[in-house]
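*Asks:* What the sequence shown shows, in my numbering, is residues 75 to 266, in sequence order. A virtual CB, placed ideally from N, CA and C, is assigned to each residue, including glycine. Since we're looking at a predicted model, the values are computed, not measured.
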Amino acid sequence: MGKIHWKPGTVLYPVPVVMVSCGDMAGQKDIVTVAWTGTVNTAPPMTYISLRPSRYSYDIIKKSGEFAINLVSKKLAFACDYCGVKSGREIDKFQKMHLTAVKGEKISAPIIYQSPVNIECRVKDILPLGTHDMFLAEVVHVSVTDTYLDERGKFHFDKTNPVCYAHGSYYTLSKALGGFGYSVKKKKKHKK
Ligand SMILES: Cc1cc2nc3c(=O)[nH]c(=O)nc-3n(C[C@H](O)[C@H](O)[C@H](O)COP(=O)(O)O)c2cc1C
75 MGKIHWKPGT VLYPVPVVMV SCGDMAGQKD IVTVAWTGTV NTAPPMTYIS
125 LRPSRYSYDI IKKSGEFAIN LVSKKLAFAC DYCGVKSGRE IDKFQKMHLT
175 AVKGEKISAP IIYQSPVNIE CRVKDILPLG THDMFLAEVV HVSVTDTYLD
225 ERGKFHFDKT NPVCYAHGSY YTLSKALGGF GYSVKKKKKH KK
């Protein structure tokens, strides 16, 4: 086994792919597909999205200081791709993809009702990085679809069929390999 050396690049995979909704219910609203996103702090809960300034959604988010991250289920994969290749300058993506815009609980921006998890965010800082500007944001509210809760109120994220992205393709998750800390967990002794 040997190693070959590549030039520096955005090689990390898989990454999340999300649908970011922005704007307001009355006027201009948009959905932009984003792969450059992630969690960056636990308390307060902080996240980020990186956007090219040329995006229609960029100016909307910069002006309003708000957006929602809507997680993508298998059912939403087609709409997610569409929202990543068409601009809100030319088309209303909510209407075209039959997605329902509902005002966020804590933000004026719409969330996507069909998404299993909606993460409402308020921008704290904008960092120009080069090609993209990073919108560092605090999570101010989360809503989840109740059909994925069991009778004890536990949310089964695997039932939502989450979608991730790796080098140009969308994937669903496969089977779980183990739980947090399984590597150090004592094995149960079986009675003979
Ligand atoms: C899978 C995927 C991931 C994307 N990730 C990003 C991203 O992280 N940042 C970004 O600025 N654009 C990203 N894009 C491109 C935008 O979603 C795309 O240019 C979109 O049409 C912009 O919409 P808007 O002009 O309505 O804002 C991605 C597109 C796809 C298909």
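Tell me where the alpha helix (DSSP H) around residue 131 begins and ends.
*Replies:* Here residue 131 refers to the residue found at position 57 of the sequence shown. 130-138 is the extent of the alpha helix (DSSP H) around residue 131.
*Asks:* Can you name, in chain order, every residue of its own chain whose Cβ lies under 6 Å from the Cβ of residue 124, other than the five neighbours on each side?
*Replies:* Counted from its first residue, the sequence shown places residue 124 at position 50. 110, 206 and 208.
*Asks:* When the Cβ atoms of the stretch 253-264 are set against those of the stretch 95-103, are three or more pairs found closer than 8 Å?
*Replies:* no
*Asks:* Counting along the chain, where does the alpha helix (DSSP H) carrying residue 156 start and finish?
*Replies:* Working through the sequence shown from its first residue, we reach residue 156 at position 82. Taken as a continuous stretch (DSSP letters only), the alpha helix (DSSP H) holding residue 156 covers 151-157.
*Asks:* Alpha carbon to alpha carbon, what distance is there between residue 90 and residue 242?
*Replies:* On the sequence shown, position 168 is the one that residue 242 refers to. On the sequence shown, position 16 is the one that residue 90 refers to. Approximately 12 Å between the Cα atoms of the pair.
*Asks:* Is the stretch 125-145 touching the stretch 172-185, taking contact as three or more C-beta pairs under 8 Å?
*Replies:* yes
*Asks:* In the structure shown, what three-state DSSP assignment does residue 122 receive?
*Replies:* Position 48 of the sequence shown, counting from 1, holds the residue named residue 122. Strand.
*Asks:* For residue 116, which of 211, 189 and 81 has the nearest alpha-carbon?
*Replies:* Translated into the one-based positions of the sequence shown, residue 116 becomes position 42. That would be 211, whose Cα lies nearest to the Cα of residue 116.
*Asks:* Distance check for residue 86 and residue 80, CA to CA, integer angstroms please.
*Replies:* Mapped onto the sequence shown, residue 80 falls at position 6. Mapped onto the sequence shown, residue 86 falls at position 12. Looking at the backbone, the Cα of residue 80 and that of residue 86 are separated by about 13 Å.
*Asks:* Going by beta carbon distance, what residues of the same chain come within less than 8 Å of residue 222, once the five residues before and after it are set aside?
*Replies:* As a working mapping, residue 222 is identified with position 148 in the sequence shown. If we look at residue 222 and ignore the five residues flanking it on each side, its Cβ neighbours are 190, 229, 230, 231, 233 and 234.
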